[in-house]
Every structure is written in C-alpha cells, then in structure tokens.
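Q: Count along the sequence shown from 1, then add 173; that gives the number in the working numbering.
For every residue, glycine included, the Cβ atom is placed at its ideal position computed from N, Cα and C.
Because the structure is a prediction, the values reported are computed rather than measured.
Here it is, the structure in full.
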Amino acid sequence: MKSYDVVIIGGGPGGYNAAIRAGQLVLSVACVEGRSTLGGTCLNVGCMPSKALLHASELYEAASGEEFAHLGIEVKPTLNLAQMMKQKDESVTGLTKGIEYLFRKNKVDWIKGWGRLDGVGKVVVKAEDGSETALQAKDVVIATGSEPTPLPGVTIDNQRIIDSTGALSLPQVPKHLVVIGAGVIGLELGSVWRRLGSQVTVIEYLDRICPGT
174 MKSYDVVIIG GGPGGYNAAI RAGQLVLSVA CVEGRSTLGG TCLNVGCMPS KALLHASELY
234 EAASGEEFAH LGIEVKPTLN LAQMMKQKDE SVTGLTKGIE YLFRKNKVDW IKGWGRLDGV
294 GKVVVKAEDG SETALQAKDV VIATGSEPTP LPGVTIDNQR IIDSTGALSL PQVPKHLVVI
354 GAGVIGLELG SVWRRLGSQV TVIEYLDRIC PGT
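Okay, structure coming up:
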C-alpha cells in the first residue's frame, strides 16, 4: 500500500488546484480521477467548452446580422459547425494537457480510477479494468464534483433528449430546442444554439431566470 501526505478524490477545479498546491508545498500527493482527462466537469464538459461555443457563436451572429455591417464590414458567413466543434475540443485538450504538465512539474501522482473511503486515511481506487489499489494518506480531500441531475420519468438518450454534455456536441443545429431549466448552464447553451439559428424555448419552474444566483 502506497502512502501519501494527501490523497485527493476528484480531478476537477477543486481537486487539481489542491493537488498542485500540495505539491508546491513539497507534500507527497496523489489525485484520484476516473475520467480519461483531468479538469472535471467544468473543463471537459462544462464551463470551458461552453465559453468556447459562446465566443464562436457570438462572432457568427455579429457577422450574420447588422453589427458588422454597421461597422462597414460586409460579409456573408457560412456556418461550419464541425470546425467550430473541433476548435472547441482543441481548446479543451490544450487546457487538460496543461494540468497534466503541472502535475508532473509538482510531482503529483495521477491515480486513474474511482476512489472511495475505506477507513481512516485509507482510499481504495477501482480502475476501469475492475482492479483495486489501496492508498494510505495522512489527509484526504474529497472533491468529487457534479453530474447532470436526472428528471423523473425522462430518459436521456442523447439523441432526442440530451443533457448538457450532449448539447455541447450536437452534429447539426436543431430547428427547435427546448431547454428545461433557466439556470446558467441552460441559458448559456440555449444562447449558443439560438445564435446559430435554432428556435429556443426555455422552461423554468420558478418565476425568474437564473434562480440560483
């Protein structure tokens, strides 16, 4: 059983920042993450790809409407959605590789798998192949992050009914997109597809948008 000063469960913004800082303080540290890339939901399928698409779609809308023409720039843009998605993916890849570099630089061990507590200071990591590895730590940081919330009676097939992850990688602009939830994620993704030509309807139970802010 390998021992560390700190074991961190989760490689998202909370987890990887804690791991890098612990390494900078010359602590022996391991970060347990089950995804194939570091960065968690935010970097891989949340904030960062969403912002990349928001930026690209904003430019497309500006070029398509009156904003560019008002500035004396006359263009007729053509949407290449595949290239837009490729650029978004390349941006995400660059950021995840950057975290891997910082792990190596600060001597952080990335343990690939899913961690669970198994007693005081003990973390068991289950790898993709089913094998398990036990780690011992003086301190354990839990930074397990978030997943999309399921709706009762609704099956997300990422064909007709998609979650926020699926909405980041649609192969074509939908004619009509219904967004359930007027929180930040729903409004960002709704804005992207509306700018690209979709009719977007937002449904919110509460009496205001962004109710959580």
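DSSP three-state call for Ile182: helix, strand or coil?
A: strand
Q: Closest by CA to Trp283, which one among Tyr189, Met258 and Asp178?
A: Tyr189
Q: Using beta-carbon positions only, say whether Leu275 and Ile193 come within less than 7 Å of one another.
A: yes
Q: What would DSSP say about Gly262, mapped onto helix, strand or coil?
A: A quick correction: the sequence has Asp, not Gly, at residue 262. Three-state DSSP puts Asp262 in a helix.
Q: In whole angstroms, give me the CA-to-CA distance for Gly288 and Ser364.
A: 36 Å
Q: Out of Ile358, Lys348, Pro384 and Asp178, state which residue places its alpha-carbon closest to the alpha-carbon of Gly370.
A: Lys348
Q: Name the DSSP beta bridge partners of Ala203, please?
A: Val180 and Asp282
Q: Beta-carbon within less than 7 Å of Glu234's beta-carbon, same chain only, minus the 5 sequence neighbours each way: which residues are those?
A: Cβ neighbours of Glu234 beyond the five flanking positions: Arg368.
Q: Comparing alpha-carbon positions, which option in Val199, Glu240, Pro186 and Cys204 lies nearest Val218?
A: Pro186
Q: Who does Tyr252 pair with in a DSSP beta bridge?
A: According to the sequence shown, residue 252 is Leu rather than Tyr. BP columns for Leu252 are empty, so no partner.
Q: Excluding sequence positions up to five away, which residues of its chain have a Cβ less than 6 Å from the Cβ of Glu206?
A: Gly184
Q: Can you give the Cα-Cα distance for Thr269 and Leu216, rounded to whole angstroms?
A: 8 Å
Q: For a quick check, are the C-beta atoms of Val375 and Val357 less than 7 Å apart?
A: no
Q: In the segment 321–349, which residue ranges form an unbroken alpha helix (DSSP H) of at least 4 residues, counting only runs that do not cross its ends?
A: 337–340
Q: For Lys259, which of Ala242, Pro222, Pro250 and Ile272 has the nearest alpha-carbon?
A: Residue Pro222 is the option with its Cα nearest to Lys259.
Q: Let me know the secondary structure DSSP gives Gly213 once reduced to three states.
A: helix
Q: With distances taken between CB atoms, is the gap from Val180 to Ala300 smaller than 7 Å?
A: Contact: no.
Q: Please determine, among Leu227, Leu362, His228 and Ile315, the residue with the shortest C-alpha to C-alpha distance to Ser337.
A: Each of Leu227, Leu362, His228 and Ile315 was checked against the Cα of Ser337, and the nearest Cα belongs to Leu362.
Q: Would you kindly work out how many angstroms separate the C-alpha atoms of Gly292 and Asp312, rounded to a whole number?
A: 12 Å
Q: Is it true that the CB of Leu200 sits closer than 7 Å to the CB of Asp178?
A: yes
Q: How is Thr306 classed by DSSP in three states: helix, strand or coil?
A: strand
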